[in-house]
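Working notes, structure below.
2 protein chains.
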Amino acid sequence: MEPLILKIIILMAGVLALGFVGYLVATILRESEGTEKMKEISLAIRQGAMAFLRREFITLAAFTVVVFIVLAIFIEPKPLVAIAYVCGTSTSALAGWLGMNIATKANARTANATIGSWAKGLKIAFSSGAVMGFCVVGLGLLGLSIIAFIWEDSHVWLGFAFGASSVALFLRVGGGIYTKSADVGADLVGKVEKGIPEDDARNPAVIADNVGDNVGDVAGMGSDLYESYVSAIAASMVLGVVVLGSVKGMFLPLLLSAVGIVVSIIGALSVRPKEVEANFEKQVAKAHAAMNTGVYVSNILMIIASFFIIRSFVGGLGLFWALISGLLAGFLIGQATEYFTSAEHAPTKKIARAAQNGAAVTIIEGMATGMMSTVIPVLLVAIATVLAYIFGGLLGIAIAAMGMLVNLGMLLAMDCYGPIADNSAGIAQMAGLGKEVRERCEALDAVGNTTAALGKGFAIASAALASLAWLATYFAVAKIDVASLTNVGVIAGVLIGGGLTFVFSALAMRGVGDGSFAIVNEVRRQFREIKGLMEGTAKPDYVSCVDIATKKALKAMVLPGILVLLVPLALGFTLGPEAVAGLLVGALVTGFILAVMMANAGGAWDNAKKYIEAGNLGGKGSDTHKAAVIGDTVGDPFKDTAGPSLNILIKLVGKVAVIFGPVFIMLVPL
Amino acid sequence: MEPLILKIIILMAGVLALGFVGYLVATILRESEGTEKMKEISLAIRQGAMAFLRREFITLAAFTVVVFIVLAIFIEPKPLVAIAYVCGTSTSALAGWLGMNIATKANARTANATIGSWAKGLKIAFSSGAVMGFCVVGLGLLGLSIIAFIWEDSHVWLGFAFGASSVALFLRVGGGIYTKSADVGADLVGKVEKGIPEDDARNPAVIADNVGDNVGDVAGMGSDLYESYVSAIAASMVLGVVVLGSVKGMFLPLLLSAVGIVVSIIGALSVRPKEVEANFEKQVAKAHAAMNTGVYVSNILMIIASFFIIRSFVGGLGLFWALISGLLAGFLIGQATEYFTSAEHAPTKKIARAAQNGAAVTIIEGMATGMMSTVIPVLLVAIATVLAYIFGGLLGIAIAAMGMLVNLGMLLAMDCYGPIADNSAGIAQMAGLGKEVRERCEALDAVGNTTAALGKGFAIASAALASLAWLATYFAVAKIDVASLTNVGVIAGVLIGGGLTFVFSALAMRGVGDGSFAIVNEVRRQFREIKGLMEGTAKPDYVSCVDIATKKALKAMVLPGILVLLVPLALGFTLGPEAVAGLLVGALVTGFILAVMMANAGGAWDNAKKYIEAGNLGGKGSDTHKAAVIGDTVGDPFKDTAGPSLNILIKLVGKVAVIFGPVFIMLVPL
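Those sequence lines, one after another, are chains H and C.
Just so you know, the first sequence maps onto residues 70 to 739 in our numbering.
Just so you know, the second sequence maps onto residues 70 to 739 in our numbering.
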C-alpha cells in the first residue's frame, strides 16, 4: 500500500477512537444525575478530583520544563526529542483529564440509572470506563503517529514515549499515594474512632476517599497503560526500522494499533448486559459474561486481522506468532490472577480460614499466597519472551508487548469500570438511596473488584513486557552487542536495580503512612472544631482533606522520582552502558515479581475479608473478621500504591536508559 | 615454602581448632548443671534436639545415597566427586551434631553459673558458641584440605562443597521450619488460649520450642556458614588454580584459612568479660564490649597476616585489597543491620510508635523499614564485588568472600552464643530460679538478640558473596566466556531465578503454617486428655511435640528441595548453560535482597515489641503492645525461616550449576 494511504488509515483510526469517545460522552451526559443530594456529592467528588489534577499538573508542568531543557541541550536531534517529549506529556495528561472528568460525571448517573434498571447502570459505568480506554488509545496513536509522520527519526519517537512516562510517574505513583492516604485516613478516624459507617457524609475525608478511587484507578491506571501502550508501539517501531527497513518498520506497529482500535470498538459495542431479577450472584455473573463477550470478540477479530496484516507486510508469519504469544500470555495471566485473588478459589478461602487464628497468621498466609502467585506470571512472561524471540528476534519481543496491549481500548474500559461502580455505590450510600438500589450498586461494585484485580495483573504483565521491549531498544540505541554476566559492572547493575525496586516500594509505602497520618490529624481537628458535625447539622470541610492528601502525595514522590531518573544516569556514567543493562534487568525481575506479589496478596486479603463479610466463618464483627480487616488494610498500600508504582519504575528506568544511552556510549566505561 | 610444609601447617591449623574445641568442652563440662530440675529440663531439651537431628540425619542419609549414586554415574572424575560429596556431607553433619550437643549441655550450666557470677555465665555461653564456631572451621578446613591433598583435581573439591550444601538444606531450611512451628504453636495455645507464661513447664510444646532455638540458630546457622566457608575456600581454590597455577592457587586460600583459625582463637581468648554490678544496661554494654574486643583483635591480626601472606605468595597486593573489600563489607553490613533493627535507633522506634495506630500500620511500617534497609547491604556487596574484581578479577570475588568468612571461628562463636543464652533464660524461668538470676540471664539473652541479628545480616551477606564466587566458578567450569543479557535465554533464566526465590520463600512460610497448626492441635489434645496438666500435677508429653514438628519440617522441605535441584538442571538442558547463569543471577539478586528485608523487618518488629515491653508507649498489655506482638509474630517466620532459607537457595543453585555445568556444555543449547 501507498504510505499516504497507510497514514490516512492510521490517523483515521485515532480520530475514530476520539469520535467514539464523543458518542459515549453524549450518551452518558444524556442521563440524569438524580436527586439534589446526589448532584451535590458528585460535584464535590469531581471538584476534588479536578483539584488533585490541577495541583499535580502544575508540578508536572514545572517538571516538564526542566526535562525539556535538559533534553533540548543534551539529546540529539535537538530540540526535536524535547518537543516530542512535551507532546507525549500533554497527550497523556489530556487523556487522564478527560477520562477522570467523565468518570466523575458518570458516578451519580450510574447510581441514578440503577434505580430503574440494573443493566442500564452497568452500561453507563462501562461506557464511562470506555471513555478512558478510548481516550488512551486514540490520543496515544494519534500523537505518536503525527510525530512519526512529521519526523521519521526513531530518537524523536522515543521522546514522545518518555513524555508519557512522566505523566504516569505523577498520576500512578502520586495517585497511588494519594488514594491510600485518603482511604486509610478516612477509615482510621471515621470507622475506628467515631464508629460511623463507610462512605458516611459526616466524615470530612469521605470525598477525598471517593476522589482517590478516580485518581488511583482511573487516571493512575490510564496513565500507566497509556505509557505501556505507547512504549510497546514506539519500541516496535524503533526495532522494526532496524529489522524491516524504515517504511515497513514504522508502519506495521501503527497499522496493528489502528486495527486494534477498530476491533476494540466492536468489542465494546458487544458489551450488552441483559436485565436480570434482583439477585446478587446472577447479576454479577451476567455482568462478567457481558464484559467477557467484549474481550473475546475483540481478541478473535484481532487475531484474524493481524494474521493478514503481518503476512502481507512481512511475508512470513514469525511476528504474528510473537504477537499471539503476548496476547495469550496477557489473557492467561488474567486467569491466574483471578484464581489467586477470587474468593471462589482455594487460596483466598485459605486466607479467610487463617483469619480464625488471628491477624498475624492472616498476614503470613497472605504473604505466602502472594509469593506463590508469582510463579505463573513469571513463567508465562518468560515463555512468551523466549517464543517471541524465537519467532521474531528482539523485534518479536516488542511485538509480543504489542500483542498484550493492542486491544487496550476494550480492556481498559473494563478496568476503569470498577472505580466508577465503586463511586456509584458510595453515592448511593451517602445520598441515602433505598436498600434495593444500594444492593444493585454493590453488585456492580463486586464486578468491579474482579475486573480491577484482573486489570492490575494485566497492567503488571504489560509493564514487564513493555520494559523488556525497552531493554531490547536500549541495546539497539546504545549499540550494545553484549552485556555479559561475566562483566562485574553488569552484576553490580543487577544488584543495584534490585535495591532500587525495594527502596522505591518502601518510599511509596512510607508516603502512605505519612499522608494518612496527616489526614487523621485533619479529620480529628474538624470533628473537634466544627460544632454539630457529628450530629449532621454542620458540614465538614471536604476540600482541605483533598488538599492535604494531594500535597503529601506530591511531596512523597520527590525522592522516588529523583532516584529513578538519577540512578541509571549515575550508573551509566561510572560503570558504563552495560551496567545500565544490568540495572534494567535487576529492576525488571525484582519489580515485576514484587508487583505481582503485592497486587495478588492485596487482592486476596481484600476478597478474604469480603468473603467473611458475606456471612462465612462468623461474618461481620467477629474476631475472624477483625483479623481479616487487618489483612485488608495491610494489602491496601500493597495493591494500590507500592505494587502499581513498580510498573512505572521498571518502564521509566528503561526509558531513561534509552534516551540517555547515546550519551553513555560516548564515554569510556570503567 | 615447600608444599609439604604448607600441607603440615594447614592440617595443623585444623587440628588446632579441634584441640581448642576439646579445651572449651572440658571447661564447660567442668561446671555444674545446677538443681535436679535444671538437669531434667536440660536433658529434655538435649534429648529433643538429638531426636530432631536423628530424624533429619536419617532422611539426609537416604538423600545422600541418592545423590551419591547420581554423581557416581554422571559426574567426572567418577566416583571421586561422589566420594568427596559424602565427605562434605558427613563433616558438616558432624560439626552440627557436636555443636548442638555442647550447646544443649551448656544451657543449664550457663544458668547455674549465673547464680554466682554474671560474667561466668557469659563466658560459658560464649565458649559453647565457640565450640560450634571452631568445629565448623576446623572440620571444614581439615576436610577440604585432606580431599585437596589426596586429589589435586578441582572438580573433586567442588564435590566436597556440594556435600556441605545438602546438610545446610536440611538443617537450615528444615530447622527454620521446625523452630517456628514449635514457637508459634507453643505461643498460640500456651500464651493466648491458656494464659500461661512463656517458657512454662506445663506447656507440652515448651521443650520443642527450646529445642528449636538450638536447631535453628545453632545447627542451622552453623551449617549455613559451614557451607559459605567451604564455598568461599573451594571457589577461591578452583579459580586460584586457573589464575595462579596449581600450587599457589590451591595453597593460598587454604593457608589464609589456616591463619584465620589461629587469629580467631586469639580473638576468642580475648573475650574476657569483667564482673559488673547488677545493672541490666551496664551488663549488656559490657558484654558487647567484651565480644567486640574479640572481633577487633581477630580482624586486625588477620589484616596484618594476610598482607604478608599474599605479598609473599602472589607478589602483588591486588588480592589483599580484594580480601579487605570483603572483610570491610561484612563489618559494615553488621553495623547497618544494627542500625535498622536495634531499638536504640530511629527505624525500630518508628515501628513502635506505628503500633499505637494498630496492627496493620505496624506491619506496613515494618515492611517499609525492611525494604529500606536493603539499600546499604546491596550497595556494599555491589561495591565490594566491583572492587574485588578490579583488584583481582573473578578470583578477587572469591577472595572477597573469603575475606568476609576467614574469621568465621570468632564470628560464629558470637552468633551461636545467642541461642544458648536464650535457652539459659528459659531454664531459669522453668526451674523457678530467683528473680535476680532470671534478670541476669535476661541480660545475657538481650545481648544474644543483638549478636543474633548481626549474625543473620552477616550470614546473608556472606551467602551473597559466596554465591557470587560460585557464579564466577560456574563460568570457569562450564567454560562460559559470555552470558549476555542480549540473549533471551539469559533473560528467561533471570526471571525464573527470581520466581524460584519467591516460591521457595512461600513454601517455607507455608511449612511453618502447617507445622504450627499441627502443634496447636497436639497441645490442645494434651491439655484435654492429660488430667492434672494445667494444675501442674501431671507431666506433658514433650517428646510428641518435638516429633510432630520434626516430621512436619521434613515434609515441608521436600518440594523446595526438589525445586532447587531440578530447576537449574531443567533450564540447563532446555535453554542451555547461559540461561543457567541467568538463573543464578536472578536467584541471587532477589534472594539476597528479600533475605535482608525479611531478616531486618523481623528483627525490627521483635525489638519494637521489646522496646514497648521495657515500659515505653504504654508497656506490656497495652493495645500498642498487642499490635507490636502481631508484628513480631509475622516477623518470626520472616527472620527465622524464609529469610535464612534463601541463603541456602542462592548458594545451592550455584553449586548444582557448577557440578552439572560440564554436563550442560556437552549439549547444544537452544
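Glycine residues also receive a C-beta, built at the ideal position from the N, C-alpha and C atoms.
Who are residue i's beta bridge partners in DSSP?
i	result
H/Ser553	C/Ser553
Going by beta carbon distance, what residues of the same chain come within less than 8 Å of residue i, once the five residues before and after it are set aside?
i	result
C/Arg380	Leu386 and Phe389
C/Leu638	Val725 and Phe729
Residue i: buried (16+ other C-beta within 10 angstroms of its C-beta) or exposed?
i	result
C/Ile74	exposed
H/Ile302	buried
C/Val627	exposed
C/Ala482	buried
H/Leu569	buried
H/Ile560	buried
H/Leu635	exposed
C/Val134	exposed
H/Ala82	buried
H/Tyr365	exposed
H/Ser101	exposed
H/Asp514	buried
C/Asp692	exposed
H/Ser186	exposed
C/Val649	buried
C/Asp293	buried
H/Thr542	buried
C/Asp268	buried
C/Gln352	buried
Keeping to the same chain, check which residues put their C-beta closer than 7 Å to that of residue i; ignore five residues upstream and five downstream.
i	result
C/Lys192	Pro342
C/Met201	Gly168, Ala172, Val287, Gly291, Leu481 and Cys485
C/Met436	Ala670
C/Ala118	Met169, Thr173, Val280, Asn283 and Val284
H/Ala175	Ile97, Ile193, Ala194, Ser197 and Ile489
H/Leu401	Leu449
H/Tyr458	Gly465 and Ile466
H/Ser367	Val332, Ser333, Ile335, Gly336, Asn476 and Met479
Apart from the five residues just before and just after residue i, which ones in its own chain have a Cβ nearer than 6 Å to its Cβ?
i	result
H/Ala453	Ser394, Gly395, Ala398 and Ala469
H/Phe460	Gly387, Trp390 and Ala391
Using a Cβ-Cβ cut-off of less than 8 Å, list which residues of the region 544 to 557 of chain H approach chain C; keep chain order.
Result list: Phe544, Ile549, Asp550, Val551, Ala552, Ser553, Leu554, Thr555 and Val557.
Pairing CB atoms from the region 463 to 479 of chain H with CB atoms from the region 329 to 344 of chain H, are three or more of them under 8 Å?
In this structure the region 463 to 479 of chain H lies against the region 329 to 344 of chain H, because at least three pairs of beta carbons, one per stretch, are closer than 8 Å.
Check whether the region 334 to 353 of chain C and the region 363 to 382 of chain C are in contact - that is, three or more C-beta pairs closer than 8 Å.
With a cut-off of 8 Å, the region 363 to 382 of chain C and the region 334 to 353 of chain C count as touching, because enough Cβ pairs lie within range.
Report the residues of the region 574 to 604 of chain C with a CB closer than 9 Å to any CB of chain H, ordered along the chain.
If the cut-off is 9 Å between Cβ atoms, the region 574 to 604 of chain C has Ser574, Ala575, Leu576, Ala577, Met578, Arg579, Val581, Gly582, Ser585, Phe586 and Val589 near chain H.
Any contact of the region 714 to 726 of chain C with the region 651 to 658 of chain C, i.e. 3+ C-beta pairs under 8 Å?
The region 714 to 726 of chain C makes contact with the region 651 to 658 of chain C; the number of CB pairs closer than 8 Å reaches 3 or more.
For the 8 Å Cβ check, are there 3 or more pairs between the region 418 to 438 of chain H and the region 699 to 707 of chain C?
Below 8 Å, enough C-beta pairs join the region 418 to 438 of chain H and the region 699 to 707 of chain C to call them touching: three or more.
Mind the definition here: the region 598 to 615 of chain H touches the region 79 to 94 of chain C only if three or more C-beta pairs lie below 8 Å; say whether that holds.
The answer is no - the region 79 to 94 of chain C does not touch the region 598 to 615 of chain H, with fewer than three Cβ pairs under 8 Å.
Touch check for the region 254 to 270 of chain H and the region 581 to 600 of chain H: three-plus C-beta pairs under 8 Å?
The region 254 to 270 of chain H and the region 581 to 600 of chain H touch, with no fewer than 3 CB-CB distances between them shorter than 8 Å.
Mind checking the region 77 to 100 of chain C against chain H and listing, in chain order, the residues whose C-beta falls within less than 7 Å of any C-beta there?
So the list is empty, because no residue satisfies the distance condition.
Segment contact flag, the region 87 to 97 of chain C with the region 677 to 688 of chain H, C-beta cutoff 8 Å, min 3 pairs
Here the region 87 to 97 of chain C makes no contact with the region 677 to 688 of chain H; the two share fewer than three CB pairs at distances below 8 Å.
According to a CB-to-CB cut-off of less than 7 Å, which residues of the region 678 to 708 of chain H neighbour chain C?
Taking 7 Å as the Cβ-Cβ cut-off against chain C, the residues of the region 678 to 708 of chain H that qualify are Ile699, Thr702, Val703 and Pro706.
In chain order, what residues of the region 657 to 677 of chain C put their CB closer than 9 Å to some CB of chain H?
Those residues of the region 657 to 677 of chain C that come within reach of chain H (Cβ to Cβ, closer than 9 Å) are Leu657, Val658, Thr659, Phe661, Ile662, Leu663, Val665 and Met666.
Relative to chain C, which residues along the region 487 to 518 of chain H have a C-beta separation below 8 Å, given in chain order?
Of all residues in the region 487 to 518 of chain H, none has a Cβ within less than 8 Å of some Cβ in chain C.
Positions along the region 527 to 542 of chain C whose CB lies within less than 8 Å of some CB in chain H
Of all residues in the region 527 to 542 of chain C, those with a C-beta nearer than 8 Å to a C-beta of chain H are Leu537 and Leu540, reading in chain order.
Quick check: the region 640 to 649 of chain H against the region 545 to 558 of chain H, are at least 3 beta-carbon pairs closer than 8 Å?
A contact exists between the region 545 to 558 of chain H and the region 640 to 649 of chain H.
Does the region 523 to 540 of chain H come into contact with the region 299 to 314 of chain H, if we say contact requires no fewer than three beta-carbon pairs (one atom in each stretch) closer than 8 Å?
The answer is yes - the region 299 to 314 of chain H touches the region 523 to 540 of chain H, with three or more Cβ pairs under 8 Å.
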